[in-house]
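Step one of this worksheet: look at the structure below.
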Amino acid sequence: MLGWLFRGLRQGRITTRYPRREERPPHGFRGHVEVLDMSNGSDDLIQLCPTGAIGVDDHGRVSLDRGRCILCGECVLAAPDRFRFVAKYELAARSRPALVVSDDDLPETEPTRESLGELAPALRRSIHVRHIDCGSDGTEEWEIQALWNPYYDIQRLGFFLTAAPRHADILLVTGGVTPAMRGPLERTWAVMPGPKALVAVGTDACSGGLAAGGDVIAGGVDLVLPVDVYVPGSPPAPIAIMHGLLLAVGLLDVGEVAA
Amino acid sequence: MTSISHRPKARPDDLPQHLGAVGEPGPPNEIRLKVGTLAFRRAARMLRIAGARLITLFLADTPEPALVGAFALRGSLVVLRAPTEGADPLTYGSLGEFWPAARWSEQELIERHGVHPLGAVPEHLTAPNADSLDRKVHGLDAFVIPYGPVRSGVFEAIQFQIETGGENVARMQTRPFFKHRGMEDLFAGLTPDRAVYVAERVAGIATVAYACAFSQAVERALDVQPARAAERWRAVYAELERLACHFDVIAKEAETTALYVGQARFQILKEQVTRLRARLTGSRFARGVVVPGGVRFAGNMSLDELSGELDGIEEQLTRDRRLFLGTASMTDRLIGAGHLPRDLIEDYAAVGPLARGSGVSTDARHERPYGDYRRLGLQVVTRREGDAMARVNVRFGELFESLRILRQAVDHLRRGDGRLQTPLPTGANGSAFGWAEAPQGELVVWVELRDGLVHRVHIASPSLRNWALFDHAFPKDVLTDFAFIEHSFGLTPAGADR
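Residue numbers (our numbering), protein chains in the order written: chain A, -16 to 242; chain B, 26 to 523.
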């Protein structure tokens, strides 16, 4: 046991100070796709995307739905003058339309519910989180588990994992919902006491991702239950999920990098 | 089960004659044999006697609709094909009776494709319902615990129906397929370089293995040889993936035995490998790099820097391994737990660290070397004990072996870059198997191409094949041993359910 202690001491502190200090992704990290030029798009652009995230309207205005983007990079390779990868973690949003990047002045979209933090400010430093897998590819689970490793240690911010949905304040959902998981998802949500929040983690949970093209999965979690925070990414990095959780409890605002 | 006292040596040339089949041309390492549906069972039985390992059974569509069985036999893949034209309802003699490994495949054939293997009993496994519980118990005071699909902790959805009187596990039933997403059907109609994104998402924690197996199947079908530099980068990404998955298993073993410092140490190593992958490829799971024909780009890092990172990981791993194996509270729980004897492994045709922990030396990188593994050489790590400790020890051995291979691949890369992508012929037809050794075990992918587009894909995932053994992993173990026996399997429901 002493050996383990000395190993730990030798390592020193490795835990991130996020959100008090910004965490920068490594150079070349595929965080999200930025649209450099939103005008004069042709229908060819739509064909570039395997999940239909790129849209072009009648006036040639280009839009990109981050909730569908799987970060494959086809568009960046084919049209580098128009699309570019940006290394960034903070991409979560409080409504589905807010994930769509476009030229349009979208009307301010209302969040699904008041955030947990507004409803119960005293709760903010003790939040119990429950996770349910409804058909992910397995990577989102790894990235959520990573939040409790020494690098991210989300317990320092007052987030605890709980096994019982009856104790949970936040439900993390991964994957577009498969027919067999629909019932368990609805029941898990129903027994959680209010105020509560539902966070969709990953592109599959936001929109169904690639699987939405098939016969089994129709789309994202919001087809079954209202979602408070969408965290896009295939899969989203641990910091991105942490940002989504902070958004859900109102400790951060949308787009804010560090508190 | 059939007991086989001696095994006659079957030479590949004699196979058609022995099995009453007709040989057909196929890609290298693939022995294609055509039989009638009525002779299918007998031929499969002969293959078993010859020492073959069953990989999968499925319905193919190229060159004509057929029932196909894939078997691994001494460095070759034996493909048994029984055309089904005119057979309605489609039927054949079930293999499950003499080969338990056929169980999951036959259930899928019955429930999803309307095939009727004679002698097989439908088990209603592939469309599970969280409320349907098999309450039959086999003793007084016994009850059934439905564990899952929503489980404690952050785990993928799967259900275990555990029959217990409180301590001993009288019966265990694994119920996968809760997260069946119809992934195999998503491939149809896509171009190969777009279909690879689907392959990457079948089982995300083995992204590179799935991308490689799929890409190699396409390359074999179209007779394309990827460039050497591309094969080297594939090996680098694949071995980094193995490091991450094995670190994950060991961290979870430490967690379930409440050795939280050990858990933290191996989580740190796993995160370091994940960050290394993010620096090399821009994706923490090395996604969007491996494509049919090669790789999209070389690692975004100098080779000196990469070997420096590998040295750092190896140094830490050496120290942490010594502490881990020296912590008796940990090893005491693992030794003897979840014992799987060698014959059971062979009956169920298990693969990966699970098989190697019970003395079965099977590794796709060694049996049918592909890509850069033809040049790298591999020492297959095996243990004989067959318990959870053996499976952890196999993984420790493989971690060091992976680091050795990684160094060698990096050295080869220093000799020069060269081309990374070989263009695929457009509008071509063909079909072939591709394979890769995923961290969970041997992964085999069947791909059919028509007019340059993917027509049909079948995936034989290591997770599904190995999970059949979990029902037998509690011979003397109690309910509290559940978690670390499960983690010692190291499987992923996403891969099993597809």
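Heads up, the beta-carbon is just placed ideally off N, CA and C, and yes, glycines get one too.
Arg409 (chain B) sits away from Tyr398 (chain B), with the two beta carbons spaced by 7 Å or more.
The C-beta of His111 (chain A) comes no closer than 7 Å to any C-beta of chain B. Going by beta carbons, Gly361 (chain B) and Asp412 (chain B) fall inside the 7 Å limit. Within the segment 167 to 178 of chain A, contact with chain B at the beta-carbon level (separation under 7 Å) is assigned to Pro167 and Thr171.
At least 7 Å separates the beta-carbon of Ala91 (chain B) from that of Val104 (chain B). Short of 6 Å from the beta carbon of Gly422 (chain B), and not among the five residues preceding or following it, lie these beta carbons of its own chain, in chain order: Val406. Neighbours of Leu331 (chain B) in chain A, taken as residues whose beta carbon is under 7 Å from its own, are absent, since the nearest beta carbon is some 13 Å off. Taking 7 Å as the upper bound on Cβ-Cβ separation, chain B lies near residues Gly121, Thr122, Glu124, Trp125, Ile127, Gln128, Ala129, Asn132, Pro133 and Tyr134 of the segment 121 to 137 of chain A. Contact between the segment 185 to 199 of chain B and the segment 440 to 451 of chain B is absent: fewer than 3 CB-CB pairs across the two stretches fall below 8 Å. Contact between Asp152 (chain A) and Ala180 (chain A) is confirmed by a C-beta separation of about 7 Å, below the 8 Å threshold.
A Cβ of chain B is located within less than 7 Å of the beta carbon of Pro33 (chain A). Within chain B, the residues placing a beta-carbon under 8 Å from that of Ser119 (chain A) are Glu181, Lys204, Gly229 and Ala519, ordered along the chain. Taking 7 Å as the cut-off, the beta carbon of Asp211 (chain A) is found closer than this to the beta carbon of Thr95 (chain A).
For Gln132 (chain B), the closest Cβ of chain A is not nearer than 7 Å. The alpha-carbon separation between Thr62 (chain B) and Glu89 (chain B) amounts to approximately 14 Å. If you check the CB distance, Val162 (chain B) and Ala107 (chain B) do not come in under 7 Å. DSSP, reduced to helix, strand and coil, places Glu17 (chain A) within a strand of the structure shown.
For the 7 Å CB-CB criterion, Ala231 (chain B) and Ala498 (chain B) do not form a contact. Our two residues, Arg416 (chain B) and Ser383 (chain B), have alpha carbons roughly 8 Å apart in a direct line. At a cut-off of 7 Å, the C-beta of Thr161 (chain A) has a neighbouring C-beta in chain B. Bounds of the beta strand (DSSP E) holding Lys59 (chain B) are Glu55 to Lys59. Between the alpha carbons of Met326 (chain B) and Val316 (chain B) lies a gap of roughly 20 Å.
Listed in chain order, the alpha helix (DSSP H) elements of length 4 or more contained wholly in the segment 263 to 307 of chain B are 285 to 306. Under the 7 Å criterion on CB atoms, His42 (chain A) is classed as non-interfacial with respect to chain B.
In this structure, the CA atom of Arg57 (chain B) is about 11 Å from the CA atom of Phe458 (chain B). According to the DSSP assignment, His512 (chain B) belongs to the alpha helix (DSSP H) that extends over Phe507 to Phe514.
Judged by beta-carbon spacing, Ala188 (chain A) lies beyond the 7 Å limit of Val207 (chain A), meaning their Cβ atoms are not closer than that value. Under the three-state reduction of DSSP output, Ala95 (chain B) falls in the strand class. Any Cβ of chain B closer than 7 Å to the Cβ of Pro2 (chain A) would place that residue at the interface, and such an atom is absent.
Nearest to Arg3 (chain A) by alpha-carbon distance, out of A:Pro162, A:Arg139 and A:Val184, is A:Arg139.
For Val194 (chain B), DSSP records a beta bridge to B:Thr189.
Taking 8 Å as the upper bound for CB-CB distance, Val156 (chain A) and Leu168 (chain A) are in contact here, some 7 Å apart. By the neighbour-count definition (other C-beta atoms within 10 Å, threshold 16), Ser25 (chain A) is an exposed residue. Val194 (chain B) and Ser109 (chain A) have their alpha carbons spaced roughly 37 Å apart. Taking a C-beta distance under 7 Å as the contact criterion, Leu489 (chain B) and Ala238 (chain B) do not qualify as a contact pair.
Within the same chain, Cβ atoms closer than 8 Å to the Cβ of Pro366 (chain B) are found at Ser383 and Gly411, the five residues on either side in sequence being excluded.
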